[in-house]
Each structure stands twice: as C-alpha cells, then as structure tokens.
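Written below as structure tokens is the structure these notes are about.
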C-alpha cells in the first residue's frame, strides 16, 4: 500500500470516528436526551424507564414523568425507588393521596428506607399532623441517627409544637454533621427569630446566605428584621433580591411595598410612592383578592394625585 493511500484511509477513518463521537456526545449532552435514547433502545429495561422518569421530573415535565415511572413499576413492581419517585411527582402535582399511597408502598417493600420515612413524615407535617410526622422522623433517625435532613425535619415539627429548646438541639446536631447545610442554619435562624432573639437570628440567616446566596426565605426574613430595626434601605435591598429569585412570593412583595411606603414617608419622595404602588399592584396581579394590597395602593394613589 502506498504511503499516500494509507494517509487517505486513516483520514477517512478519523472522519467516521469523529462523526460517531459527535453523535454520541450529542446524545450525552444532558441526562434527559441520554435516557430517552436508552429507553428507545431498551424498552424492556426497568432502569431506563425509571431514570427517564426522574429526568422528566427534574425538567418539570410531570406527565411524561408519570408515564415513564409507571412503566418502570410495571417492569419491576417491587422497586421502592420507583414508588418513591412517582410519589414525588404526584406530590408536585398536588395529588397528595396518590403520593402518600406511593410512599407507603415503597415503605412496605423496604421498611427501613430513609427516604420513604422522610417523605411520609413530610406529608403528615404538611397536613398538620405533627405527632404522626414526628413518629416517622424518629423511625428514620433510629435507622440513620446522623441524617441531617431528618434532624432538620424533626426540629421543624418540634418548633411548630412550641418545643424551642428541642428544636434548636436538633438543628445544632444537624450542623455538627453537615456544617455546609444552609437549611440547618436557616431553620436555626427562624427558631431564634420566632422567639425574638433577633441578633442570633441575623447571625444564622447570614450564615445560611453565605452558603446559599440565592436563598429567598433567608433573604426575606433577614429583610424583615432590618425593617424592624428601621434599616429600610437594607431591608428593601434584601426583599428585591428575594423577589428576583422567587417573583410570585406575595409576602415578600408586600414587605417590599411597605418598605418603599415607609421610606417615602421619611424622605418625601414621589418616586418611592410610585414604587410602593407598583409593588402593591403586582401583588394584585398574583392575588386579585388581596384586600390589604388593594387598600394600600388606593391610599397611596391619593398621595400621588
């Protein structure tokens, strides 16, 4: 074989290989396209449909997620993770009864599965059944005593029951295990906030924000504390940051509008009055029945005109 012919053959092979690599990279460009490809090629594989269902869920496509996870369960009815994941989809769709049944089925299959115990506890907590929630969180902690998620969840229910010291103890235990967990610091800040220990609340909210700067609840609650202290400019800055992350949060929007209103009274600036009115009107777009926002906006318009 001549040297020239050998070079041409190598070049052609490299082009073919490059093309195949490109196609493979395109397929692997994200998890969703990857599992669509695998499920098409292996329609009888549980894992393909399960992981495709999770990918659809993570992309917010809940109907396709239900379809794929149902296929996975049909292929392997005794797989607890499929029941847990379809439960999460039902919960995201607001179908709490179906979610609860799916979590219970997962727990029947695997009685010591931490995720199932946590999800069932969460469902009871959401329904206001604190004692039932505590029961499941404690069951989970007997299986895994060093679970920071379970410790924070248990602490939150204890706080709702007014058991401040017990709640704080659980949050602090979670922080010792997971010092980079912003939710633990946030909940600890919330506990101190609700008990009027504002200096500690500020410290822990700021700690949560140092770990997760885009934490809307921490931003908003910290803003409320600054507002109480009369630091209205700082408060409004925090509320705006929270709204950028969570635009439809009516409570934070109301706090932002009120901060503008108070600043307008202090500084006698029409621009701030206009901002307050605009923010109250934004609330009314989200919640047309919000009478407080409607009255506030109407009173402020009188100041303008």
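In the numbering used here, the protein residues as written are 29 to 333.
The beta-carbon is built from N, C-alpha and C at its ideal position, and this holds for glycine as well.
Note that the coordinates shown come from a computational prediction; the quantities given were computed from them, not determined experimentally.
Cβ-based neighbour list, residue i, same chain, cut-off 8 Å, excluding 5 preceding and 5 following
i, result
"residue 1", "With the chain covering only 29 through 333, there is no way to say anything about residue 1."
"residue 52", "Because the pLDDT at residue 52 is just 41, under 50, the model does not fix this residue reliably, and the value given afterwards should be weighed accordingly. Within the same chain, residue 52 has no close Cβ partners at all."
"residue 184", "153, 195, 215"
"residue 260", "254, 287, 290, 291, 294"
Between the CA atoms of residue j and residue i - distance to the nearest angstrom
i, j, result
"residue 168", "residue 208", "22 Å"
"residue 239", "residue 210", "6 Å"
"residue 24", "residue 244", "Here the chain covers residues 29 to 333 and nothing more, so residue 24 does not appear."
"residue 106", "residue 71", "18 Å"
"residue 54", "residue 190", "Any reading at residue 54 needs caution, since the residue's pLDDT is 42, under 50, leaving its predicted position unreliable; the model's value is listed next. Rounded to whole angstroms, residue 54 to residue 190 spans 54 Å at the Cα level."
"residue 99", "residue 124", "21 Å"
"residue 182", "residue 276", "28 Å"
"residue 85", "residue 326", "43 Å"
"residue 320", "residue 300", "19 Å"
Boundaries (first-last residue) of the alpha helix (DSSP H) holding residue i
i, result
"residue 140", "First-last for residue 140: undefined, no H or E at that position."
"residue 218", "210-222"
"residue 258", "Here residue 258 belongs to no alpha helix (DSSP H), and DSSP marks it neither H nor E."
"residue 315", "Counting along the chain, residue 315 falls outside any alpha helix (DSSP H), and DSSP gives it neither H nor E."
"residue 228", "226-239"
Sequence-distant residues of the same chain with beta carbon closer than 6 Å to residue i, five excluded per side
i, result
"residue 104", "74"
"residue 174", "205"
Nearest residue (CA-CA) to residue i, options the options
i, options, result
"residue 236", "284, 216, 324, 102", "216"
"residue 151", "163, 128, 330", "128"
"residue 137", "293, 110, 314, 315", "110"
"residue 298", "277, 309, 328", "328"
Contacts around residue i, its chain only, beta-carbon distance under 7 Å, and the 5 residues preceding and following it disregarded
i, result
"residue 254", "262, 263, 266"
"residue 228", "220"
"residue 230", "250, 253"
Continuous beta strand (DSSP E) assignments of at least 3 residues falling wholly in the region 76-160: Runs of the beta strand (DSSP E) inside the region 76-160: none found.
Alpha helix (DSSP H) segments (min. 4 residues) lying fully within the region 165-189: Note on the region 165-189: whole alpha helix (DSSP H) runs with a minimum of 4 residues are 176-188, in chain order.
Segments of 4+ residues assigned as alpha helix (DSSP H) that fall wholly inside the region 270-298: Complete alpha helix (DSSP H) runs here, min 4: 278-295.
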